[in-house]
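S.K.: With the numbering used here, you'll find the sequence shown wraps up at 994, consecutive numbering, no jumps.
Please read through the structure below; I'll follow up with questions.
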Amino acid sequence: MRWDAQRLDVDDGSLPGMPSIRGLLRSVQVPEFPGLTFHEVRARSALNAVPGDSSMPFPYTINTLRGCSHACRYCFARRTHEWLEFDSGRDFDTQVVVKTNLVDVLRKELARPSWTREHVALGTNTDPYQRAEGRYKLMPGVIRALADSGTPFSILTKGTLLRRDVPLLVEAAQQVPLGLGVSMAIWDDDLHAALEPGVPSPRARLDLVRSLTDAGLPCGVFLAPVLPGLTDDEESLDAAIGAIATAGATGITVIPLHLRPGAREWFMAWLRQARPELVPRYERMYARRAYVSAEYRTWLSARVAPLLARHGLDRQSGGAARQVDGAVATGVPGDEEVGFPEGSLPTAGLPTGGLPGVRPPWETPSPVPTEEPAAEQLTLL
Ligand code: SF4
Numbered sequence: 614m615r616w617d618a619q620r621l622d623v624d625d626g627s628l629p630g631m632p633s634i635r636g637l638l639r640s641v642q643v644p645e646f647p648g649l650t651f652h653e654v655r656a657r658s659a660l661n662a663v664p665g666d667s668s669m670p671f672p673y674t675i676n677t678l679r680g681c682s683h684a685c686r687y688c689f690a691r692r693t694h695e696w697l698e699f700d701s702g703r704d705f706d707t708q709v710v711v712k713t714n715l716v717d718v719l720r721k722e723l724a725r726p727s728w729t730r731e732h733v734a735l736g737t738n739t740d741p742y743q744r745a746e747g748r749y750k751l752m753p754g755v756i757r758a759l760a761d762s763g764t765p766f767s768i769l770t771k772g773t774l775l776r777r778d779v780p781l782l783v784e785a786a787q788q789v790p791l792g793l794g795v796s797m798a799i800w801d802d803d804l805h806a807a808l809e810p811g812v813p814s815p816r817a818r819l820d821l822v823r824s825l826t827d828a829g830l831p832c833g834v835f836l837a838p839v840l841p842g843l844t845d846d847e848e849s850l851d852a853a854i855g856a857i858a859t860a861g862a863t864g865i866t867v868i869p870l871h872l873r874p875g876a877r878e879w880f881m882a883w884l885r886q887a888r889p890e891l892v893p894r895y896e897r898m899y900a901r902r903a904y905v906s907a908e909y910r911t912w913l914s915a916r917v918a919p920l921l922a923r924h925g926l927d928r929q930s931g932g933a934a935r936q937v938d939g940a941v942a943t944g945v946p947g948d949e950e951v952g953f954p955e956g957s958l959p960t961a962g963l964p965t966g967g968l969p970g971v972r973p974p975w976e977t978p979s980p981v982p983t984e985e986p987a988a989e990q991l992t993l994l
């Protein structure tokens, strides 16, 4: 291949300093993606079973990639890179593991007679539409495989590359229930550049929401994370919620910032340098826990409630225009208390088949080995 000359190594099972990348084929750097290294691996499995005690409303996930070039400072998934003996900072942003054979493995797993066609979620750990997807084009095969097998699925992303697959998703929606979620939170250009340097602009993501809904697809928006003292003023929230409503989102969920280990160090290092006056507040808020206090949650809920109503995205009467009334599935990875926005999960009542934690017979009593410990599969964009 034209970039063979840039191979860092050939698979002998490991690279120096990177013994934990199981199934490594080779590591490459290519001119089209400066600063990134792709570690191509052979996956042994594609479907990851969600732990039985999880409150997530889906029993399976798929992660096509590990690490994320979107490079969000606050990303929950950072620490999972340490299990590969990378660091959770710069390495997470630049050392991306690609499961190159994932579609083939997935098709085999979906073809098993025992597969019960339960809801499979994508984008619960790292973003499937980050830059690597432009090169490896795994998602079209994943979408086709899931739709052809009759498996409902959902995708959560910040990547506008999803637009490439809209025609495919329209076809898939004729075959299976599907849900689509887009995450966005930061509207100030400078803050966006500092905290989400690899993510398409908020405007581009709004355009993505519009493209999806114009195509007749559902699209729930996660307004997340709301940053205390940075993006939680009424004017910012009103502008954000108004723009999301105008883009045609089918629902919205507002989630405050949580700072888990891995993300905490990386985010606080930025805060100390960029907004030192906020450091004492953040240290108080996140001193003993990763999650914001109930007090802040209540305060934020009270602040956004009238804004959601004003823009027709509340779950009560004002939201009826978008059919967002009724029961809402909770268990959002990273914040299990909040509900999924309407449109981000496959439509209720359709054949999702099972409950979280239910494993197909072929995973018991000898589970198919997964590439990743279960806990790392469940974070949020
Ligand atoms: S928050 Fe999502 S988009 Fe951002 S770096 Fe993490 S996985 Fe990627």
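We put the CB at the ideal spot given by N, CA and C, even for glycine.
Note that the structure is a prediction, hence the values are computed from the model and not measured.
#1: Mind checking who K721 pairs with in its DSSP beta bridge?
#2: Going by the beta-carbon positions, is the gap between V834 and L913 smaller than 8 Å?
#3: Check this for me: beta carbons of G754 and G864, under 8 Å apart or not?
#4: Within this structure, are the beta carbons of R877 and Y899 separated by less than 8 Å?
#5: Please report how far the alpha carbon of L628 lies from the alpha carbon of W696, in whole angstroms.
#6: So, at 8 Å on beta carbons, what are the nonlocal neighbours of Y673 in its own chain, with the 5 sequence-adjacent residues on each side left out?
#7: Quick check on Q708: buried or exposed, where buried means 16 or more other Cβ atoms within 10 Å of its Cβ?
#8: In whole angstroms, give me the CA-to-CA distance for L968 and S668.
#9: To the nearest angstrom, how far is it from the Cα of D778 to the Cα of V795?
#10: Is D803 buried or exposed, if buried means 16 or more other CB atoms sit within 10 Å of its CB?
#11: In three-state DSSP terms, what is S957?
#12: The beta strand (DSSP E) that contains R639, what's its start and end?
#13: Quick check: the Cα distance between S762 and Q788, rounded to an integer number of angstroms?
#14: Are the Cβ atoms of K712 and T677 separated by less than 8 Å?
#15: Say yes only if the C-beta of Q787 is nearer than 7 Å to one or more non-hydrogen atoms of ligand 1, and no if none qualify.
#16: Suppose you measure from the CA of L830 to the CA of S640; what does that come to, to the nearest Å?
#17: Does DSSP classify E896 as helix, strand or coil?
#18: Whose CA, out of R725, T773, F689 and A852, lies closest to the CA of V917?
#19: Just the Cα atoms here: how many angstroms apart are R873 and Y742?
#20: Does the structure place the segment 639 to 659 close enough to the segment 736 to 752 that three or more beta carbon pairs sit under 8 Å?
#21: Which complete alpha helix (DSSP H) runs does the segment 794 to 847 hold, if anything under 4 residues is left out?
#22: For a test of the three-state rule: what should DSSP assign to A852, helix, strand or coil?
#23: Going by DSSP, which residues form a beta bridge with I675?
#24: So who's on the other strand from K712, going by DSSP bridges?
#25: Return the first residue and the last residue of the alpha helix (DSSP H) that F880 is part of.
#26: Relative to the alpha-carbon of L782, which residue among R757, T770, W800 and G772 has its alpha-carbon at the smallest distance?
#27: Is the separation between the beta-carbon of T960 and that of P790 shorter than 8 Å?
#28: Hey, A862 and A837: beta-carbon distance below 8 Å or not?
#29: Express the C-alpha separation of R902 and L885 in angstroms, rounding to a whole number.
#30: For A656, is the classification buried or exposed, using 16 other Cβ atoms within 10 angstroms of its Cβ as the cut-off for buried?
#31: Do P810 and A684 have their CB atoms nearer than 8 Å?
M.R.: If we stick to the structure as given:
#1: Its beta-bridge partners do not exist; DSSP assigns none.
#2: no
#3: no
#4: yes
#5: Interpretation of L628 is limited by its pLDDT of 46, a score under 50 that renders its predicted location unreliable; the figure taken from the coordinates is listed afterwards. When rounded, the distance between both Cα atoms is 15 Å.
#6: L660, N661, A662, V663, E731, H732, V733 and A734
#7: buried
#8: Annotation note: pLDDT 25 at L968 (below 50); position unreliable, coordinate value reported separately. Whole-angstrom Cα-Cα distance: 10 Å.
#9: 14 Å
#10: exposed
#11: coil
#12: L637 to V641
#13: 9 Å
#14: yes
#15: no
#16: 37 Å
#17: helix
#18: A852
#19: 23 Å
#20: yes
#21: 802 to 808 and 815 to 827
#22: helix
#23: L735
#24: V654
#25: A876 to A887
#26: R757
#27: yes
#28: no
#29: The residue asked about is misnamed: residue 885 is Arg in this sequence, not Leu. So the alpha carbons of these two residues sit roughly 19 Å apart.
#30: buried
#31: yes
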